[in-house]
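Residue numbers (the numbering used here), protein chains in the order written: chain A, 1 to 320; chain B, 321 to 640.
There are 2 protein chains.
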Amino acid sequence: MNMTIGVDVGGTNIVCGATDGQGRVLRKLKRQTEAWAGHEAVLARIADMVEEIREALGNDYRAVGVGVGVPGLVDPLAGVSKFAGNLKWRDVPVASLLERRIGLPVFIDNDVRMYVYGEAVSGAGRGYRHVLGITIGTGIAAAIVNGGELYYGHQAMAGEIGHVRMDGVEEQCACGLSGCLETVASASGMVRQAKKALRAGRESLLAERFPGDELEKLTAADLSQAMDDGDALASEILVRAGRLTGRALAAAAMVLSPDAIIVGGGGALAGERLLGPLREELYGLLLPDFREGLRVVTAEHNDDAGIIGSSLYAAYRNGA
Amino acid sequence: MNMTIGVDVGGTNIVCGATDGQGRVLRKLKRQTEAWAGHEAVLARIADMVEEIREALGNDYRAVGVGVGVPGLVDPLAGVSKFAGNLKWRDVPVASLLERRIGLPVFIDNDVRMYVYGEAVSGAGRGYRHVLGITIGTGIAAAIVNGGELYYGHQAMAGEIGHVRMDGVEEQCACGLSGCLETVASASGMVRQAKKALRAGRESLLAERFPGDELEKLTAADLSQAMDDGDALASEILVRAGRLTGRALAAAAMVLSPDAIIVGGGGALAGERLLGPLREELYGLLLPDFREGLRVVTAEHNDDAGIIGSSLYAAYRNGA
Chain A
1 MNMTIGVDVG GTNIVCGATD GQGRVLRKLK RQTEAWAGHE AVLARIADMV EEIREALGND
61 YRAVGVGVGV PGLVDPLAGV SKFAGNLKWR DVPVASLLER RIGLPVFIDN DVRMYVYGEA
121 VSGAGRGYRH VLGITIGTGI AAAIVNGGEL YYGHQAMAGE IGHVRMDGVE EQCACGLSGC
181 LETVASASGM VRQAKKALRA GRESLLAERF PGDELEKLTA ADLSQAMDDG DALASEILVR
241 AGRLTGRALA AAAMVLSPDA IIVGGGGALA GERLLGPLRE ELYGLLLPDF REGLRVVTAE
301 HNDDAGIIGS SLYAAYRNGA
Chain B
321 MNMTIGVDVG GTNIVCGATD GQGRVLRKLK RQTEAWAGHE AVLARIADMV EEIREALGND
381 YRAVGVGVGV PGLVDPLAGV SKFAGNLKWR DVPVASLLER RIGLPVFIDN DVRMYVYGEA
441 VSGAGRGYRH VLGITIGTGI AAAIVNGGEL YYGHQAMAGE IGHVRMDGVE EQCACGLSGC
501 LETVASASGM VRQAKKALRA GRESLLAERF PGDELEKLTA ADLSQAMDDG DALASEILVR
561 AGRLTGRALA AAAMVLSPDA IIVGGGGALA GERLLGPLRE ELYGLLLPDF REGLRVVTAE
621 HNDDAGIIGS SLYAAYRNGA
């Protein structure tokens, strides 16, 4: 049987896994990225991991392609990582360098596009034709899978919903703009707001739980916990993040008419604390016909989403 | 040589024209719609107009398909006009009824999608790959042509940018929502705001030019004229409409990454009065890479845009 291999290259770890045509994970591996060693060393490590998986499954499955999800700006047709800040890569021809080492067709793309592709095809988006997927993590980004086809746009830059300007948001964004959705609605944005409020002396359960320098350890999960324990600050931050995300999604949905919006990434672990307000705002802003035809669903693949997405993406680009 | 025939069905007039493969108009006709006579009478009239054009061009061109642009909600695959308020049509199977009369493949779609398709392929969008087109008229709507392909979305409802909620806009929209872009930025929306301000006693050149009941005759063109003559009210309305449209387009552009935004429809006749503020707001809200890769252009086909679009659309759907 044929298999494809998906690779998710993060700043800390590389995860590599093989899936069958239905996106079932056959085997996976995880190694440290050690990006400081330079891109050749990272690519050599990826090639070793792919080889290891092929050897382990070689009697039952034939590898026909490799998909590599890279953070940052990617040219998927040229196979080049144009800029990946946390890897310190700039204009690295990942696909051709890896093909030389591996001897299989290699396809690369932005990690968000691959994540959403995997969810659309074999996860929460199964059965939907017009999927808009959003990942909430350090930043917020989106991808569109329409009739099974990824939407790229000019220079494959489509999906930057995290940098849509939101009214009432004043925060400066790392991108140079201000008021970007992700400054307040990403997991990091929510944590940043909580820290700011706590440093300014705001009363909160979080102030007791993270006294002094402990505050640096605060995560988005702690916000969820505090909200469940009745904390007003945590609730305000999560509800506002959900509402603003719902508002940005409503504008996108009116233009795109998706039948499913998939919400994923670490931020989605907040569940209904975030998704409740998100849905309420979203549905309140949609025309009736849009409201009826659209479902908001949460991503299903969790930790494996990256490798499943890039593996299925390899099959997609490979025409397999 | 092959030709296709495009039909633009409006509440007042039907325009019918033939084009060659490049979208050059070979011949066109205009008749009153007389929608009160019912859809069968209107479709019989369209069939007569198509026949007249075929007879006139029959020695040189062979008609291979007909495209019909219908206002309102259309199911393009089923060929059904689901709801067209100004024609009083509901669930009219336009394509099959016309095919029976004409004996050619008939394709129908929403008039905005056809307008934008024509502009994208043979008008202001020539040479661009990822086109977002917007028409500013009685309402505001958009269409997406990506790599030569129209984007439909669920139930072919994509493009409702006119109903995106804009902050600071309070007007009730006919759609049932409030704060919709088109309530203040469509041609009718701009005229409505001017009338409201004038009735409330606002000083303006327009008060002198349209005294008393004359006010009913005010058009968007009069606002442009007054703005050129230094009128503050007209200027405020046009500038605000441009800025709000730019803002809605920025949100769409960040998600879609178009390389061209085409602005068309009657409202685009305001030219730089509207487009200046539109561009300024739009470019101010885009990430640098998006800013560099995106041009805002005005539609080129003017009065023929409807028939050129629906004619080229027939070729597109026909696989011609």
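The beta-carbon is built from N, C-alpha and C at its ideal position, and this holds for glycine as well.
Review point. Taking a cut of 7 Å between CB atoms, which residues from the segment 577-602 of chain B lie near chain A?
Key: Ser577, Pro578 and Asp579
Check your understanding: Going along the chain, which residues of the segment 464-478 of chain B sit with their C-beta nearer than 8 Å to a C-beta in chain A?
Key -> Ile464, Asn466, Tyr471, Tyr472, Gly473, His474, Gln475, Ala476, Met477 and Ala478
Check your understanding: Tell me which same chain residues have a C-beta within less than 6 Å of the C-beta of Phe210 (chain A), skipping the five on either side of it?
Key -> For the purposes of this step, residue 210 (chain A) is taken as the residue at position 210 of the first sequence. So the qualifying residues of the chain are Leu218.
Exercise for review: Mind checking which residues open and close the beta strand (DSSP E) that includes Val169 (chain A)?
Suggested key: For the purposes of this step, residue 169 (chain A) is taken as the residue at position 169 of the first sequence. Element bounds for Val169 (chain A): n/a, residue is neither H nor E.
Review point. Is Ala590 (chain B) helix, strand or coil when you go by DSSP?
Key: For the purposes of this step, residue 590 (chain B) is taken as the residue at position 270 of the second sequence. Ala590 (chain B): helix per DSSP, three-state reduction.
Practice item. State yes or no: is the C-beta of Arg637 (chain B) within less than 8 Å of the C-beta of Phe427 (chain B)? Key: Residue mapping note: residue 637 (chain B) aligns to position 317 of the second sequence, counting from 1. Residue mapping note: residue 427 (chain B) aligns to position 107 of the second sequence, counting from 1. Yes; because the gap between Cβ atoms is below 8 Å, this pair is in contact.
Review point. At a Cβ threshold of 8 Å, is Pro608 (chain B) touching chain A?
Key: Position 288 of the second sequence, counted from the start, is the residue given in the question as residue 608 (chain B). Yes, Pro608 (chain B) counts as interfacial toward chain A.
Review point. Between the beta-carbon of Leu525 (chain B) and the beta-carbon of Ala546 (chain B), is there less than 8 Å?
Key: For the purposes of this step, residue 525 (chain B) is taken as residue 205 along the second sequence, with counting starting at 1. For the purposes of this step, residue 546 (chain B) is taken as residue 226 along the second sequence, with counting starting at 1. A contact, by the Cβ cut-off of 8 Å.
Review point. Bridge partners of His450 (chain B), per DSSP?
Key: Start at 1 with the first residue of the second sequence, and residue 450 (chain B) comes out as number 130. According to DSSP, which records beta bridges pairwise, His450 (chain B) is partnered with B:Asn466.
Point to revise | Bridge partner(s) assigned by DSSP for Met3 (chain A) | key: Looking up residue 3 (chain A) in the first sequence gives position 3. BP columns for Met3 (chain A) point to A:Ala63.
Review point. What residues in its chain sit with their C-beta under 8 Å from that of Asp549 (chain B), if we drop five residues either side in the sequence?
Key: Working through the second sequence from its first residue, we reach residue 549 (chain B) at position 229. Answer for Asp549 (chain B): Leu525, listed in chain order.
**Study point:** CA-to-CA distance, Gln342 (chain B) to Ala367 (chain B), given in whole angstroms
**Key:** Numbered from its first residue, the second sequence carries residue 367 (chain B) at position 47. Numbered from its first residue, the second sequence carries residue 342 (chain B) at position 22. Distance between the alpha carbons of Ala367 (chain B) and Gln342 (chain B) is about 24 Å.
Practice item. Return the CA-CA distance between Asn59 (chain A) and Tyr115 (chain A), expressed in angstroms with no decimal places. Key: Position 59 of the first sequence holds residue 59 (chain A). Position 115 of the first sequence holds residue 115 (chain A). Distance between the alpha carbons of Asn59 (chain A) and Tyr115 (chain A) is about 29 Å.
Check your understanding: Taking Cβ-Cβ distances shorter than 8 Å, what residues in chain A pair up with Gly613 (chain B)?
Key -> The residue you call residue 613 (chain B) lines up with position 293 of the second sequence. Near Gly613 (chain B) (Cβ distances below 8 Å), the residues of chain A are His154, Gln155 and Met157.
**Study point:** Tyr151 (chain A) in three-state terms, based on DSSP
**Key:** Along the first sequence, one-based indexing puts residue 151 (chain A) at 151. Residue state, collapsed to three classes: strand.
Practice item. Can you check DSSP and say which residues form a bridge with Lys402 (chain B)? Key: Start at 1 with the first residue of the second sequence, and residue 402 (chain B) comes out as number 82. None, per the DSSP bridge assignment.
Point to revise | Three-state class that DSSP yields for Thr19 (chain A) in the structure shown | key: Working through the first sequence from its first residue, we reach residue 19 (chain A) at position 19. It is a strand residue.
Review point. For chain A, is any of its Cβ atoms less than 8 Å away from the one on Thr347 (chain B)?
Key: Here residue 347 (chain B) corresponds to residue number 27 of the second sequence, with the count starting at 1. In the sequence as displayed, the identity of residue 347 (chain B) is Arg instead of Thr. It does not: the Cβ of Arg347 (chain B) has no partner Cβ on chain A nearer than 8 Å.
Check your understanding: Would you say Arg317 (chain A) reaches chain B, if we count a Cβ-Cβ gap shorter than 8 Å as a contact?
Key -> As a working mapping, residue 317 (chain A) is identified with position 317 in the first sequence. No, Arg317 (chain A) does not count as interfacial toward chain B.
Check your understanding: Would DSSP call Ser498 (chain B) helix, strand or coil?
Key -> For the purposes of this step, residue 498 (chain B) is identified with residue 178 of the second sequence, where counting begins at 1. Residue state, collapsed to three classes: strand.
Exercise for review: Note down the Cα distance separating Ala320 (chain A) from Arg90 (chain A), rounded to an integer number of angstroms.
Suggested key: The count along the first sequence starts at 1 and reaches residue 320 (chain A) at position 320. The count along the first sequence starts at 1 and reaches residue 90 (chain A) at position 90. In this prediction, Ala320 (chain A) has a pLDDT of 48, which is less than 50 and means its spatial position is unreliable; what the coordinates show is noted afterwards. For Ala320 (chain A) and Arg90 (chain A), the distance between alpha carbons rounds to 30 Å.
Check your understanding: Anyone know if the C-beta pair for Leu5 (chain A) and Val50 (chain A) falls short of 8 Å?
Key -> Against the first sequence, residue 5 (chain A) aligns to sequence position 5. Against the first sequence, residue 50 (chain A) aligns to sequence position 50. A quick correction: the sequence has Ile, not Leu, at residue 5 (chain A). In this structure, Val50 (chain A) lies closer than 8 Å to Ile5 (chain A) by Cβ.
**Study point:** Ranges of the beta strand (DSSP E) found wholly within the segment 243-297 of chain A, counting only runs of at least 3
**Key:** 260-264
Check your understanding: Taking one C-beta from the segment 174-193 of chain A and one from the segment 241-252 of chain A each time, how about it: are there three or more such pairs within less than 8 Å?
Key -> yes
Review point. Shorter than 8 Å from the beta carbon of Leu244 (chain A) to some beta carbon of chain B?
Key: For this step, residue 244 (chain A) is matched to residue 244 along the first sequence. No, Leu244 (chain A) lies away from the interface with chain B (no Cβ there is under 8 Å from its Cβ).
**Study point:** Any C-beta of chain D under 8 Å from that of Ala561 (chain B)
**Key:** Absence of chain D from the displayed structure is noted, the protein chains being A and B.
Point to revise | Best match in A:Gln155, A:Gly133 and A:Ala156 for proximity to Asn332 (chain A) [C-alpha to C-alpha] | key: Because chain A is modelled from 1 through 320, residue 332 (chain A) falls outside the range shown and cannot be assessed.
Review point. Would you say Gly586 (chain B) and Gly479 (chain B) are within 8 Å of each other, going by their C-beta atoms?
Key: Position 266 of the second sequence, counting from 1, holds the residue named residue 586 (chain B). Position 159 of the second sequence, counting from 1, holds the residue named residue 479 (chain B). Not in contact: Gly586 (chain B) and Gly479 (chain B) (Cβ atoms no closer than 8 Å).
Exercise for review: Give the residues from the segment 156-176 of chain A that approach chain B closer than 8 Å (Cβ to any Cβ), ordered along the chain.
Suggested key: Ala156, Met157, Ala158, Gly159, Glu160, Ile161, His163, Val164, Arg165, Asp167, Gly168, Cys175 and Gly176
Check your understanding: Would Ala440 (chain B) be called buried (16 or more neighbouring beta carbons within 10 Å of its own) or exposed?
Key -> Taking the second sequence and counting its residues from 1, one reaches residue 440 (chain B) at position 120. Buried, since its Cβ has 16 or more Cβ neighbours within 10 Å.
Check your understanding: Rounded to a whole number of angstroms, what is the C-alpha to C-alpha distance between Asp533 (chain B) and Val263 (chain A)?
Key -> Translated into positions along the second sequence, residue 533 (chain B) becomes position 213. Translated into positions along the first sequence, residue 263 (chain A) becomes position 263. Answer to the nearest angstrom: the Cα atoms are 54 Å apart.
Exercise for review: Can you give me the start and stop residues for the beta strand (DSSP E) that Asp340 (chain A) sits inside?
Suggested key: Past the boundaries of the shown model lies residue 340 (chain A); chain A is included only from 1 to 320, so the question cannot be answered.
Review point. Looking only at DSSP bridge pairs, what is Asn430 (chain B) linked to?
Key: For the purposes of this step, residue 430 (chain B) is identified with residue 110 of the second sequence, where counting begins at 1. B:Val390.
Review point. Taking only beta-carbon atoms, is Met369 (chain B) less than 8 Å away from chain A?
Key: On the second sequence, residue 369 (chain B) is found 49 positions in, with the first residue counted as 1. It does not: the Cβ of Met369 (chain B) has no partner Cβ on chain A nearer than 8 Å.
Exercise for review: Starting from Leu29 (chain A), follow its DSSP beta bridges and name the residues at the other end.
Suggested key: Here the question's residue 29 (chain A) lines up with position 29 in the first sequence. In DSSP, Leu29 (chain A) forms a bridge with A:Cys16.
Exercise for review: Inspect the beta-carbon positions of Glu502 (chain B) and Ile460 (chain B) and report whether they are closer than 8 Å.
Suggested key: For the purposes of this step, residue 502 (chain B) is taken as the residue at position 182 of the second sequence. For the purposes of this step, residue 460 (chain B) is taken as the residue at position 140 of the second sequence. Yes.
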